[in-house]
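Colleague: Here the sequence shown stands for residues 27 to 98, where the numbers follow my numbering. By construction, the Cβ of each residue, glycine as well, lies at the ideal position given by its N, Cα and C atoms.
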Amino acid sequence: MAQLGKGKLNYRCPSCFMRDLDIDMFYNKDTKIYSCIRCQYRGTEEDVLAKNEMVRFRYGAMNKRFDKFDFD
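1. Just tell me which of 45, 65 and 44 has its CA closest to the CA of residue 52.
2. State the start and end residues of the unbroken alpha helix (DSSP H) segment that holds residue 92.
3. Between the alpha carbons of residue 42 and residue 63, how many angstroms are there, rounded?
4. Where do the N-terminal and C-terminal ends of the beta strand (DSSP E) with residue 51 fall, by residue?
5. Look at the alpha carbon of residue 60 and the alpha carbon of residue 67, and state the distance between them as a whole number of angstroms.
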């Protein structure tokens, strides 16, 4: 998704991203908390980055071809 304006980078919501939805999160400067507009997920930047790494693990072998001989 495109990000409007210059400012803090928008992150994807990890909860929505696990369900194959690409939703940007809103950042609250006062509380330094990211929140999703679609679901109820809220978290700090470190929490969002850690959970997004877990989601990337899911797609780690997406471009790898597995043959029947790989499982013997």
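Modeller: In short, the structure shows the following:
1. For the purposes of this step, residue 52 is taken as residue 26 along the sequence shown, with counting starting at 1. Closest option to residue 52, Cα to Cα, is 65.
2. Stepping through the sequence shown from its first residue, residue 92 is reached at position 66. Here residue 92 belongs to no alpha helix (DSSP H), and DSSP marks it neither H nor E.
3. The sequence position of residue 42 within the sequence shown is 16, counting from 1. The sequence position of residue 63 within the sequence shown is 37, counting from 1. The straight-line gap from Cα to Cα measures roughly 10 Å.
4. Within the sequence shown, residue 51 is the residue found at index 25, counting from 1. 51-54 is the span of the beta strand (DSSP E), which, as asked, contains residue 51.
5. Position 34 of the sequence shown, counting from 1, holds the residue named residue 60. Position 41 of the sequence shown, counting from 1, holds the residue named residue 67. In a straight line, the C-alpha of residue 60 is about 8 Å away from that of residue 67.
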